[in-house]
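Single-structure report; data block below.
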Amino acid sequence: MSLLDKPTESIAPPLVNSRRTRVIAVLMALVGLFTLFVFGLGSGAKTHSSLTFDPINVVSAPIKLGSLSMSVRWTDVVLGLIIIALATEVFVRQPRRGVMARFGGVATLFLIALLSWAARSPGPSITSSVNITSILVGSSATVMVLVFGALSGVMCERSGVVNIAIEGQFIGGAFLGSMIASTTNNFFYAAIGGLFVGGLIGLVLAFFSLRYRSDQIIVGVVLVTMLGGLSSYLTLQVLTPFPNFNTGDIAPNLAIPGLSRIPILGPVFFNQSGFFYVMMILVGVVSFALFKTRYGLHVRAVGEHPRAAASVGINVIRVRYINVVLGGAIAGLGGVAFMAAQGQFQVGYTSGYGYIALAALIFGRWRPSGAVVACIIFGLSVYLSYDLQTYQVPVSGYLLAMFPYLITIAVVAGLIGRVRPPAADGQPYQRD
Amino acid sequence: MRLELRGITKRFGSLIANDQISLTVEPGQIHSLLGENGAGKSTLMNVLFGLLSPDEGDILINGVATRISDSGDAVRCGIGMVHQHFMLVPVFSVTENVVLGFEPTKSFNRIDYNAATEDIRRLSRQFNLEVDPDAIIENLPVGTQQRVEIIKALSHDAELLILDEPTAVLTPQEIDALMEVMRSLASAGKSILFITHKLKEVKAIADVITVLRHGRIVGTAEPTASESELATLMVGREVKLTVEKSPYKPGDEVLHIRDLVVLDDRGLVAVNGVSLTVRAGEVLALAGVQGNGQTELVEALVGMRPVLSGTITLHGRDVTHLTPRKALDAGIGHIPEDRHRDGLILSMSVADNLVLNTPRRAPFASRGTRNLAAVSENAVRLVKEFDIRTTSIEAPTSSLSGGNQQKVIVARELSRSLEFLVASQPTRGLDVGSIEYVHHQIVEHRNRGNGSLIVSSELDEVLALGDRIAVMFEGKISGIVDPSTSRESIGLLMAGHTMEATSV
Numbered sequence: 135m136s137l138l139d140k141p142t143e144s145i146a147p148p149l150v151n152s153r154r155t156r157v158i159a160v161l162m163a164l165v166g167l168f169t170l171f172v173f174g175l176g177s178g179a180k181t182h183s184s185l186t187f188d189p190i191n192v193v194s195a196p197i198k199l200g201s202l203s204m205s206v207r208w209t210d211v212v213l214g215l216i217i218i219a220l221a222t223e224v225f226v227r228q229p230r231r232g233v234m235a236r237f238g239g240v241a242t243l244f245l246i247a248l249l250s251w252a253a254r255s256p257g258p259s260i261t262s263s264v265n266i267t268s269i270l271v272g273s274s275a276t277v278m279v280l281v282f283g284a285l286s287g288v289m290c291e292r293s294g295v296v297n298i299a300i301e302g303q304f305i306g307g308a309f310l311g312s313m314i315a316s317t318t319n320n321f322f323y324a325a326i327g328g329l330f331v332g333g334l335i336g337l338v339l340a341f342f343s344l345r346y347r348s349d350q351i352i353v354g355v356v357l358v359t360m361l362g363g364l365s366s367y368l369t370l371q372v373l374t375p376f377p378n379f380n381t382g383d384i385a386p387n388l389a390i391p392g393l394s395r396i397p398i399l400g401p402v403f404f405n406q407s408g409f410f411y412v413m414m415i416l417v418g419v420v421s422f423a424l425f426k427t428r429y430g431l432h433v434r435a436v437g438e439h440p441r442a443a444a445s446v447g448i449n450v451i452r453v454r455y456i457n458v459v460l461g462g463a464i465a466g467l468g469g470v471a472f473m474a475a476q477g478q479f480q481v482g483y484t485s486g487y488g489y490i491a492l493a494a495l496i497f498g499r500w501r502p503s504g505a506v507v508a509c510i511i512f513g514l515s516v517y518l519s520y521d522l523q524t525y526q527v528p529v530s531g532y533l534l535a536m537f538p539y540l541i542t543i544a545v546v547a548g549l550i551g552r553v554r555p556p557a558a559d560g561q562p563y564q565r566d
Numbered sequence: 032m033r034l035e036l037r038g039i040t041k042r043f044g045s046l047i048a049n050d051q052i053s054l055t056v057e058p059g060q061i062h063s064l065l066g067e068n069g070a071g072k073s074t075l076m077n078v079l080f081g082l083l084s085p086d087e088g089d090i091l092i093n094g095v096a097t098r099i100s101d102s103g104d105a106v107r108c109g110i111g112m113v114h115q116h117f118m119l120v121p122v123f124s125v126t127e128n129v130v131l132g133f134e135p136t137k138s139f140n141r142i143d144y145n146a147a148t149e150d151i152r153r154l155s156r157q158f159n160l161e162v163d164p165d166a167i168i169e170n171l172p173v174g175t176q177q178r179v180e181i182i183k184a185l186s187h188d189a190e191l192l193i194l195d196e197p198t199a200v201l202t203p204q205e206i207d208a209l210m211e212v213m214r215s216l217a218s219a220g221k222s223i224l225f226i227t228h229k230l231k232e233v234k235a236i237a238d239v240i241t242v243l244r245h246g247r248i249v250g251t252a253e254p255t256a257s258e259s260e261l262a263t264l265m266v267g268r269e270v271k272l273t274v275e276k277s278p279y280k281p282g283d284e285v286l287h288i289r290d291l292v293v294l295d296d297r298g299l300v301a302v303n304g305v306s307l308t309v310r311a312g313e314v315l316a317l318a319g320v321q322g323n324g325q326t327e328l329v330e331a332l333v334g335m336r337p338v339l340s341g342t343i344t345l346h347g348r349d350v351t352h353l354t355p356r357k358a359l360d361a362g363i364g365h366i367p368e369d370r371h372r373d374g375l376i377l378s379m380s381v382a383d384n385l386v387l388n389t390p391r392r393a394p395f396a397s398r399g400t401r402n403l404a405a406v407s408e409n410a411v412r413l414v415k416e417f418d419i420r421t422t423s424i425e426a427p428t429s430s431l432s433g434g435n436q437q438k439v440i441v442a443r444e445l446s447r448s449l450e451f452l453v454a455s456q457p458t459r460g461l462d463v464g465s466i467e468y469v470h471h472q473i474v475e476h477r478n479r480g481n482g483s484l485i486v487s488s489e490l491d492e493v494l495a496l497g498d499r500i501a502v503m504f505e506g507k508i509s510g511i512v513d514p515s516t517s518r519e520s521i522g523l524l525m526a527g528h529t530m531e532a533t534s535v
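Chains as they are written, first to last, in my numbering: chain Y, 135 to 566; chain L, 32 to 535.
Structure follows, in structure tokens:
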């Protein structure tokens, strides 16, 4: 009997289930059709709106960009067609990579179409111009807080511990930060306080999930609930009777000479509070540490295959302790940053940003860079859910606020691309 | 490196896993540690690698008594271990896995990947261990992953390599390649401790054989000893290594699978257009390296996994989209590959596990109420008939040994009248005595004129049981041959070569 023939080279059958990709394509196409018919053809032929790019504070802008007036109908028809084209491409070609990126692009195009439609004139809106720069600046505080939270999540989950307590660390950081900033009038001390309290909450999470191998999700949720209660109690007992502890100062912007005067980019990136710059640096530092250094390799090994890490002498439990505490500290700092942008601590005012940050972490595939992109999209939609009220849009802002969660559900359900968490994420480790 | 173990004893409660073990491995020697599952081989290796600390005894490395308190110590002493379940991070590259824990660094704690890659290239040239340093582990075949494990150990300057059941997941050709590597390592002066329960391999490669049974060394043997001598030493009594079957008399077609397509958990195609036929009075053995779609095929047959396309018929009746319960009712018996996950409810009693497939039926239940007397009666009868060793029929199944747990499943499945039997890795992890028994039961079932599909990654088992042998590779049937075919030819099919002409 002759058996010899060429052996096949590949390992896994490359055929991917195409049904999910098709579902995405159909979803994208629906968004495109909606844009085309409601925003585009639904607007009168004569309606127009304009985009402006100059900061509100015109004095600081050396170069004026003026405004870009456009026909709402044709702009949104074109945007709708682009979305439909992307949907068709996904449906026909079924690319294996980049489906998520295309989906992000579609979301962005949709938001632009929504804005130009909301501001249309003649229409219900008070103003017919949409100031892109002020939207970006306005949402940057939200984005910043989400990035701190998502980085915290990256640190913890890459080492295999789920940090649901980010929201609690925000609350703790914001509360303590407000007290310190109010009494010392120094945001640096407030930041130290935030790092401390966030790290401490991280330590509690680490202690229960690593020492006692408790369910990390439950410990995290308990911590958030507990801190919510504690902050209410302390607000009532301390902040209300002693308003000097909660003066609600906002951290000053530190304009970077020269750079801050670049149109659009300047106000968004270089005329911000110190917290924003720290956040930008932190993104780079976490990325570098995780993917270039020995420390990062150990962290990722511990998060993917702790037994393999242990077999080469890496102390799994220690790596996890360190990362959960560091991650907690980052989220605590995020809480202070939130307070420094919003002012006065109020009960419940982090309004679930910690969970949106976790969603951004998943959407960003557990990478700092991806998480930043997700934070921008999510931050924008959270901001717009408030901002759209000024355009008298007949749609509730609460519906738009659901947007990040809808995207996240789609992502987690595996509808858009395949996300793969670190293999040991959430798994207690036990030496045998 | 010269390794000497003196009087190593390790107890777990009242159980003595290692009892006064003494052995010596000389430099350049391939020393085989032969024993059944549960004989204490793994415990001994974990002691040696610092994962367990011995209660008594000494480890001497080059004549010096050494304390090994964790795996880091072991590596620093020059001991490298290739675990049975690879200790590789699937999403990391080869280089990342090799350097893990021992990274060469440059400024800012950055890992010097160029230096690491050079090191890997040098080792792979020196010992003929071909591997691409940039490949991602999960994309590599198992044999290559094992090479990475060996390179990893060597890059940490291992002088003694422990290979724990290294051949369990390999094709016959990969096993040959591994043996070549072992020989070249030995001739370069490395010592090798080779742990296995496979007699053929021991005879092929070992310089010295130490046999372990019930935690004790029961003897040493030369590689010239016959397989049956080794088996007798290992099991403690004489064992039959072949299964006696009545002559092959295939009857009517029982099971017919046509163009079956099934997805795995990740949504990838695992079974890719498989067509098979099984006749009455026939065992069709499905061979193949694990992970080539056998699991998914079996799960689809018994209703545990949806079928994407294709048909399955049993006696001409369409059984393609049955739920597990309907599949049971249709008379399909199933011995699952993972008995703890799919075969038993470990916390429940032996008696309850023996009726798991028919809990709602008379006589075990009527009008929604269980008939416990009938359940007990059934258990007493089957425990006797199938020689299940248990303290009581009410004992939790978890208290039974692996072999007896498997007997519970076999008893449950084969004690009712079946139209068809599907058995997946029916003897995995069993001792030789239990293997003999399970094989005997399967052959009895066949001799009664029933059809069976037996999936196994053990070639010996496939050859012993199969009346015809189908080989599966990457979701397809790469060939169907009869059991007189040489091991080499079947090995080629397992590695993905296809047949030019199907002669059966």
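Note that beta-carbon positions come from the ideal geometry of N, C-alpha and C, so glycine has one too.
At the level of alpha carbons, what is the spacing between glutamate 180 of chain L and phenylalanine 80 of chain L?
15 Å
By the three-class DSSP mapping on this structure, what secondary structure does lysine 140 of chain Y have?
Low confidence applies here, because lysine 140 of chain Y scores a pLDDT of 35, under 50, leaving its location unreliable and the question unanswered by this model.
Nearest-angstrom Cβ-Cβ length linking valine 470 of chain Y and alanine 308 of chain Y, presumed shorter than 8 Å
7 Å
What would DSSP say about serine 222 of chain L, mapped onto helix, strand or coil?
strand
Just the Cα atoms here: how many angstroms apart are asparagine 521 of chain L and valine 486 of chain L?
A small correction: the amino acid at residue 521 of chain L is isoleucine; asparagine does not occupy that position in the sequence shown. When rounded, the distance between both Cα atoms is 14 Å.
Give me the Cα-Cα distance between arginine 412 of chain L and arginine 499 of chain L, rounded to the nearest whole angstrom.
34 Å
Taking only beta carbons into account, state which residues of the region 416-439 of chain Y come closer than 7 Å to chain L, listed in chain order.
Lys426, Thr427, Arg428, Tyr429, Leu431, Ala435, Glu438 and His439
Determine which residues of the region 288-299 of chain L have a Cβ less than 7 Å from any Cβ of chain Y, and write them out in chain order.
Leu294, Gly298 and Leu299
What residues in the region 225-256 of chain Y have a beta carbon less than 9 Å from any beta carbon of chain L?
none
Roughly how many whole angstroms lie between the Cα atoms of serine 534 of chain L and serine 53 of chain L?
Low confidence applies here, because serine 534 of chain L scores a pLDDT of 43, under 50, leaving its location unreliable; read the following figure in that light. Approximately 53 Å between the Cα atoms of the pair.
Count the other CB atoms within 10 Å of the CB of isoleucine 217 of chain Y; is the residue buried (16 or more) or exposed (fewer)?
buried
What does isoleucine 142 of chain L touch in chain Y if you count any residue whose Cβ is under 9 Å from its own?
Lys426, Thr427, Arg428, Gly430 and Leu431
Answer yes or no: do valine 433 of chain Y and serine 343 of chain Y have a C-beta to C-beta separation smaller than 9 Å?
no
Identify every residue that forms a DSSP beta bridge with lysine 507 of chain L.
L/Phe504
Determine which residues share a DSSP beta bridge with alanine 252 of chain L and list them.
L/Ile240
Return the CA-CA distance between leucine 36 of chain L and threonine 136 of chain L, expressed in angstroms with no decimal places.
36 Å
Counting only Cβ pairs nearer than 8 Å, list the residues of chain L close to valine 441 of chain Y.
A small fix is needed here, since residue 441 of chain Y is arginine in this sequence, not valine. The contacting residues are Met118.
Isoleucine 448 of chain Y versus chain L: which residues are under 9 Å apart at the beta carbon?
Gly103, Leu131 and Gly132
So which residues on chain L does alanine 444 of chain Y lean against when the C-beta distance must stay under 8 Å?
Ser102
Round the Cβ separation of leucine 339 of chain Y and valine 226 of chain Y to the nearest angstrom and send it over; I've been treating them as touching at under 8 Å.
Their Cβ separation, rounded to whole angstroms, is 46 Å, which puts leucine 339 of chain Y and valine 226 of chain Y out of contact at 8 Å.
Pick helix, strand or coil for alanine 301 of chain L, following the three-state DSSP scheme.
strand
Any residues in the region 148-180 of chain L with a beta carbon nearer than 8 Å to a beta carbon of chain Y? Which ones, in chain order?
Asn170, Leu171 and Pro172
Over the uninterrupted alpha helix (DSSP H) stretch that includes aspartate 357 of chain L, give me the two end residues.
Checking the displayed sequence, the identity of residue 357 of chain L turns out to be lysine instead of aspartate. Taken as a continuous stretch (DSSP letters only), the alpha helix (DSSP H) holding lysine 357 of chain L covers 355-360.
Isoleucine 151 of chain L versus arginine 441 of chain Y: straight-line alpha-carbon distance, rounded:
23 Å
When burial is assigned at 16 or more other CB atoms within 10 Å of the CB, is aspartate 295 of chain L buried or exposed?
buried
Between L/Met32, L/Leu332, L/Thr326 and L/Ile236, which lies nearest to aspartate 188 of chain L when the distance is taken from Cα to Cα?
L/Met32
I'd like to know whether the C-beta of phenylalanine 139 of chain L is nearer than 9 Å to at least one C-beta of chain Y.
yes
Would you kindly work out how many angstroms separate the C-alpha atoms of proline 457 of chain L and isoleucine 167 of chain L, rounded to a whole number?
33 Å
Simplified DSSP assignment, three categories, for arginine 345 of chain Y:
helix
Straight-line gap, arginine 153 of chain L to serine 218 of chain L (C-alpha atoms, nearest Å)
17 Å
I'd like to check one pair, serine 203 of chain Y with serine 184 of chain Y: are the Cβ atoms closer than 9 Å?
yes
Give the secondary structure of valine 129 of chain L by DSSP, where H, G and I count as helix, E and B as strand, and everything else as coil.
helix
The alpha helix (DSSP H) with glycine 214 of chain Y in it runs from where to where?
206-227
Beta strand (DSSP E) runs wholly inside the region 480-543 of chain Y, at least 3 long, in chain order
none
To the nearest angstrom, report how far apart serine 262 of chain Y and threonine 181 of chain Y are at their CA atoms.
10 Å
Check whether the region 331-342 of chain L and the region 412-425 of chain L touch, using three or more Cβ-Cβ pairs below 8 Å as the test.
no
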